[in-house]
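Report on the following structure.
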Amino acid sequence: MSSYPPSGPPPTTTLRQRLADLRGPAVPPRPLDARALAALAANPGCGRRALLDGAGVDKTALASALGSPSAFGQSQFAIVRGNAFEARVKGDGGAELLRLVHEHLGAGSEPPGPGAHVPDLTAAGPEGRAARTALALREATAAAAADGTWTLLDHPMLALEVAGSPAYLEPDAVVVHPDGRWTVVEIKSFPMIDGAADAAKVGAAARQAAVYVLALEKTAGKLASAVVGHTVLLVCPKDFSNLPAASPVDVRRERAVTLRQLERLTRVEELAAALPEGLSFDPARPAEELTEAVAAVSAAYAPECLAACELAFHCRERARAADAVTALGRSVRGELGTLTTVEEALAAAAGSGGTEDPTAASLHRAARLRAEALEAAACPC
Amino acid sequence: MSLLNTLARLEAVRAGRARPLATVRHRHLSERPLVLVPLTTAGEAGAPLGALVGTDPARPRLLVVPQPRDRDLRWAFLADLADEVLPYVEGYADDVERVERTETDPETGAKSKVEAELCLDAPQLIVPSRAGIEYVRLLGRSMRFRRTAEEDPENPYPAPSRVPLLGRWFTHLGERSRVPGASMLLSATELLGRHWATGQSNLEDQHLGALLSWIVPPEGESGAEAALRAELGRDRDGQLLVPPAGPATDPAFDNKLLAPAMSRYDAARSGDDPRAVARAEAAVRELVAEQMRPAWRAVWQSLELLRTLPPGERAEERWTRDRWSYTGHRDRVRAGEPPQPRRDDAVTAAQKLATRETEQVRLDAQEALDDPLVMAGRRLSGEAFAGEVTEIVMGWTESKRPSPRPLVTVATEDRPQLAEGGGKVFRSLEGRPQAAQFVRFEEDRRLIVLRLLDKMGRGREPEPGSVPEKGDRVCWTLFEHDARGGPKLPDPEKTPWTHGGPPGSRAAAPLPDTVTDEDIL
Numbered sequence: 000m001s002s003y004p005p006s007g008p009p010p011t012t013t014l015r016q017r018l019a020d021l022r023g024p025a026v027p028p029r030p031l032d033a034r035a036l037a038a039l040a041a042n043p044g045c046g047r048r049a050l051l052d053g054a055g056v057d058k059t060a061l062a063s064a065l066g067s068p069s070a071f072g073q074s075q076f077a078i079v080r081g082n083a084f085e086a087r088v089k090g091d092g093g094a095e096l097l098r099l100v101h102e103h104l105g106a107g108s109e110p111p112g113p114g115a116h117v118p119d120l121t122a123a124g125p126e127g128r129a130a131r132t133a134l135a136l137r138e139a140t141a142a143a144a145a146d147g148t149w150t151l152l153d154h155p156m157l158a159l160e161v162a163g164s165p166a167y168l169e170p171d172a173v174v175v176h177p178d179g180r181w182t183v184v185e186i187k188s189f190p191m192i193d194g195a196a197d198a199a200k201v202g203a204a205a206r207q208a209a210v211y212v213l214a215l216e217k218t219a220g221k222l223a224s225a226v227v228g229h230t231v232l233l234v235c236p237k238d239f240s241n242l243p244a245a246s247p248v249d250v251r252r253e254r255a256v257t258l259r260q261l262e263r264l265t266r267v268e269e270l271a272a273a274l275p276e277g278l279s280f281d282p283a284r285p286a287e288e289l290t291e292a293v294a295a296v297s298a299a300y301a302p303e304c305l306a307a308c309e310l311a312f313h314c315r316e317r318a319r320a321a322d323a324v325t326a327l328g329r330s331v332r333g334e335l336g337t338l339t340t341v342e343e344a345l346a347a348a349a350g351s352g353g354t355e356d357p358t359a360a361s362l363h364r365a366a367r368l369r370a371e372a373l374e375a376a377a378c379p380c
Numbered sequence: 000m001s002l003l004n005t006l007a008r009l010e011a012v013r014a015g016r017a018r019p020l021a022t023v024r025h026r027h028l029s030e031r032p033l034v035l036v037p038l039t040t041a042g043e044a045g046a047p048l049g050a051l052v053g054t055d056p057a058r059p060r061l062l063v064v065p066q067p068r069d070r071d072l073r074w075a076f077l078a079d080l081a082d083e084v085l086p087y088v089e090g091y092a093d094d095v096e097r098v099e100r101t102e103t104d105p106e107t108g109a110k111s112k113v114e115a116e117l118c119l120d121a122p123q124l125i126v127p128s129r130a131g132i133e134y135v136r137l138l139g140r141s142m143r144f145r146r147t148a149e150e151d152p153e154n155p156y157p158a159p160s161r162v163p164l165l166g167r168w169f170t171h172l173g174e175r176s177r178v179p180g181a182s183m184l185l186s187a188t189e190l191l192g193r194h195w196a197t198g199q200s201n202l203e204d205q206h207l208g209a210l211l212s213w214i215v216p217p218e219g220e221s222g223a224e225a226a227l228r229a230e231l232g233r234d235r236d237g238q239l240l241v242p243p244a245g246p247a248t249d250p251a252f253d254n255k256l257l258a259p260a261m262s263r264y265d266a267a268r269s270g271d272d273p274r275a276v277a278r279a280e281a282a283v284r285e286l287v288a289e290q291m292r293p294a295w296r297a298v299w300q301s302l303e304l305l306r307t308l309p310p311g312e313r314a315e316e317r318w319t320r321d322r323w324s325y326t327g328h329r330d331r332v333r334a335g336e337p338p339q340p341r342r343d344d345a346v347t348a349a350q351k352l353a354t355r356e357t358e359q360v361r362l363d364a365q366e367a368l369d370d371p372l373v374m375a376g377r378r379l380s381g382e383a384f385a386g387e388v389t390e391i392v393m394g395w396t397e398s399k400r401p402s403p404r405p406l407v408t409v410a411t412e413d414r415p416q417l418a419e420g421g422g423k424v425f426r427s428l429e430g431r432p433q434a435a436q437f438v439r440f441e442e443d444r445r446l447i448v449l450r451l452l453d454k455m456g457r458g459r460e461p462e463p464g465s466v467p468e469k470g471d472r473v474c475w476t477l478f479e480h481d482a483r484g485g486p487k488l489p490d491p492e493k494t495p496w497t498h499g500g501p502p503g504s505r506a507a508a509p510l511p512d513t514v515t516d517e518d519i520l
């Protein structure tokens, strides 16, 4: 990789081979999901995450091998509850779910009757399922145009190319309206109490749904009469019961943001090309070697990563070891400007920074004021 | 203020332990607070798993729901919780003082003095974390609309008698906790985070164990190491050394320990050996208690730490507002008013927002006046300045009875954002604000000339002590010391149509939540 990468994309076989090498020979690729994509879009500057996700590296295993295991995991109580609720919402041939879609996003169309379609989407492998979904969507759109049929696609599979590698996404459901519109349905198990749910959770759901909308648009682009609705339906348990309550969520903003972030994600091949030959993230390798390999790709750590990335504890450890102020939070880093390490900032506070840098000057003043106040408090004279 | 806090964090990183953010305690602490450590069931809204509650650190009351999916067990838990919390909350209702308050007649606008009752003290609930406060709100919402068998004999699932009342109090406490500076419901993490800066991010400070490790690291260990261990350390079985302070539990605990214990409890219940049921229940209780005990101790330790700080002078004044709030809700409960509505009407909502804004302004001003370290932040941002008085020039108004208007020159290194041509500044004179007019800068902004405006008495000569003397150190603020309320809002019955019009009939009691046979899971 001594020469500059060619202008066109390199032959995919090479890239695929290269990514497989990065992953380790015996490790199957881990598919990207919407949650990972939404997290990636939230921190687009992180090359480490883009490359590891793009190459399909199992970050959980990698983090454990690095000695900083991730703390993710879901309680089985939550999983059981989530599955039970989803099954209840989709029960009875999706009648309840279609009723909710019609009620909130029906736009004056005929209510779905017993004639609604719920096509079988089983097929082998993600590629097969994605092809099957595309076919079902085409048929449903044609049926809608012919006789105004409603169609519910239960767990369809959508394909989206992200940073040069394909990602397969599985929304909870997609509904095809009689007017040919496609609506993404997101079923979540957090409650909607008095018509309002936790804002952070709704935001996460909206970002996730926006990824599905983008993926659906790829498919819809090939059909003349298909339109993807930019309002998705969020279905949650109502109050403290397990009855479903639904609310339309406009994801235009999230869609635009995600689209922009995904487009500017550094392409995986460029990242991979910049790496030295023979580098690998195979979790079977010793920890020192892996640490070195991970360090070869630059990361953009912020404490928010702890809630979104399996590798965050490792990145935090490195950021702390490097004395980086970003470990204290994005706002702290923003405030300190060019002073990126704790030592630099404290040196500026002690007055070594000179007066040219306004941040250093005000930090110095802050240090003087702080010392004065603490002294005054220590001896009330 | 923010840069000063950042600096404190940086210092904490270097020192390896937390650094002070305040020199006084900015929140009132009750002599007998009620600590509540709740745990919830993952994935389920408002399904409590257990709680430690009490006013004595040595003797918490342990409440556990051995099977959270069982509605009867949940009601029993909430009834027990009500038995523990309500006597405490109601214990402050009868000790009152008579005070005069000014009321405005809605018809004439005339103000009159009315004698009113004010409770001498109020309850104070302390939970481990911010999430705990939200959980109290959630429990309040889940309980206050329930109907008891007395209220609704037809109800197939009646709630135990005191549970709806607990819901109303929890809702009130949760609502009050959104008012800046209010102290009836506080979390240990927010209390500690207000007074100490750690060498980690705000996000990581939400972990009570880690936060405490920074403030009081164990002997021979740095705060950073201790915090890391508190946050991530696990034993050989993969269980956290310091369980989270809740209300959410650790998934590893749920999956490896709790779920099997609950299955054993379910199995024992389907059998007919009461001793086996008791044994299985005791096992679940012990597991859940083990998860809550560290948080219980940590909350009490936090309170001890906070008590080492001298109380802020004006925190007591804010507590009086909490006492008014408590008295007000006591009166509403006694008058038999229905529970708080699901959604506030437009006027109430606007009033709440206005109160929060006013209280935020008041809190910012009072904290700065109480604490030189907070004032330093305001000085840094140009909202205050301190310095030595270098010159006093007497002057008077040009009226028939001249009043003193001395010119005071202050030498300062601060850079207040004063503009030529006026602007008022204030200083605290025996706890009351004295105003002065900004006149001009001198000597390249190093000297500030002010004209004193009030608090100097009625005579021609100012009262002794009301004018600073040469050589005095004074601190002036550009912000007012007391908050002004917003404009008056119309009565709810006169809500304009732009805001939804008058609320519907107030007499109609809110309907209880729908309860289905398979309410849970």
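First to last, the sequence lines map onto chains S and Y.
Following numbering that gives the first Met the number 0, the numbering of the first sequence begins with 0 at its first residue and continues without gaps.
Following numbering that gives the first Met the number 0, the numbering of the second sequence begins with 0 at its first residue and continues without gaps.
A virtual CB, placed ideally from N, CA and C, is assigned to each residue, including glycine.
Exposure of residue i, with buried meaning 16 or more beta-carbon neighbours within 10 Å
i	result
Y:Trp496	exposed
S:Asn241	buried
Y:Met374	buried
S:Asn42	buried
S:Ala49	buried
Y:Pro403	buried
Y:Trp168	buried
S:Leu101	Here residue 101 of chain S is His; the residue named in the question, Leu, does not match the sequence. Buried, since its Cβ has 16 or more Cβ neighbours within 10 Å.
Y:Thr101	exposed
Y:Val98	exposed
Y:Thr307	exposed
Y:Lys487	exposed
S:Glu374	exposed
Y:Thr107	exposed
S:Thr121	exposed
Residues that residue i contacts on chain Y, provided the C-beta gap is smaller than 8 Å
i	result
S:Gly394	Residue 394 of chain S lies beyond the residue range present for chain S, which begins at 0 and ends at 380; the question has no answer from this structure.
S:Pro357	What S:Pro357 touches in chain Y: nothing, since even the nearest Cβ is about 11 Å away.
Beta-bridge pairing of residue i - partner residues as DSSP gives them
i	result
Y:Ser427	Y:Pro432
Y:Ser111	Y:Glu102
Y:Pro310	Y:Arg24
S:Lys237	S:Met191
Y:Glu116	Y:Arg97
Proximal residues of chain Y, C-beta to C-beta of residue i below 7 Å
i	result
S:Val331	Thr5 and Arg8
S:Pro341	Rather than Pro, the amino acid found at residue 341 of chain S in this sequence is Val. Those are Leu9, Val12 and Arg13, listed as they occur along chain Y.
S:Ser297	Residues of chain Y passing the Cβ test: none, with the nearest at roughly 20 Å.
S:Leu99	Result: empty, since nearest Cβ-Cβ is about 16 Å, beyond 7 Å.
S:Pro302	Ser200, Leu202 and Glu203
Partner residues on chain Y for residue i, Cβ-Cβ distance less than 9 Å
i	result
S:Glu102	By Cβ distance, chain Y contributes nothing, its closest Cβ being about 17 Å from S:Glu102, past 9 Å.
Contacts of residue i in chain S (Cβ-Cβ under 8 Å)
i	result
Y:Leu379	Ser361, Arg364, Ala365 and Leu368
Y:Ser1	Ser330 and Glu334
9 Å Cβ cut-off: residues of chain S touching residue i
i	result
Y:Arg522	Because chain Y is modelled from 0 through 520, residue 522 of chain Y falls outside the range shown and cannot be assessed.
Chain-ordered residues of the segment 182 to 201 of chain S with a beta carbon less than 7 Å from chain Y: Ser188, Pro190, Ile192 and Asp193
Against chain Y: residues of the segment 138 to 153 of chain S by CB proximity under 9 Å: none
Please name the residues in the segment 43 to 74 of chain S whose beta-carbon is closer than 9 Å to at least one beta-carbon of chain Y, in chain order. Ser67, Pro68, Ala70, Phe71, Gly72, Gln73 and Ser74
Looking at chain S, which residues of the segment 213 to 231 of chain Y have a Cβ within less than 8 Å of any of its Cβ atoms? Ala223 and Leu231
Enumerated in chain order, which unbroken segments of the beta strand (DSSP E) with a length of 3 residues or greater are wholly contained in the segment 136 to 202 of chain Y? For the segment 136 to 202 of chain Y, the full-length beta strand (DSSP E) segments reaching 3 residues or more read 184 to 186 along the chain.
Give me the subset of the segment 78 to 91 of chain S whose CB atoms are less than 8 Å from a CB atom of chain Y, sorted by chain position. Ile78, Val79, Arg80, Gly81 and Ala83
With a floor of 3 residues, list each beta strand (DSSP E) that falls wholly inside the segment 118 to 198 of chain S, ordered by position along the chain. Taking only runs of at least 3 residues, the beta strand (DSSP E) segments lying wholly in the segment 118 to 198 of chain S are 150 to 153, 157 to 161, 164 to 168, 172 to 175 and 180 to 186.
Can you list, in chain order, the stretches of the alpha helix (DSSP H) that have 4 or more residues and sit fully within the segment 368 to 450 of chain Y? For the segment 368 to 450 of chain Y, whole alpha helix (DSSP H) runs of length 4 or above, ordered along the chain, are 371 to 379.
Enumerated in chain order, which unbroken segments of the alpha helix (DSSP H) with a length of 4 residues or greater are wholly contained in the segment 0 to 61 of chain Y? Runs of the alpha helix (DSSP H) lying entirely within the segment 0 to 61 of chain Y and spanning at least 4 residues, in chain order: 1 to 14.
Going along the segment 223 to 239 of chain S in order, which residues come within less than 9 Å of chain Y, judged by CB to CB distance? Pro236, Lys237, Asp238 and Phe239
Against chain S: residues of the segment 116 to 149 of chain Y by CB proximity under 7 Å: Arg140 and Ser141
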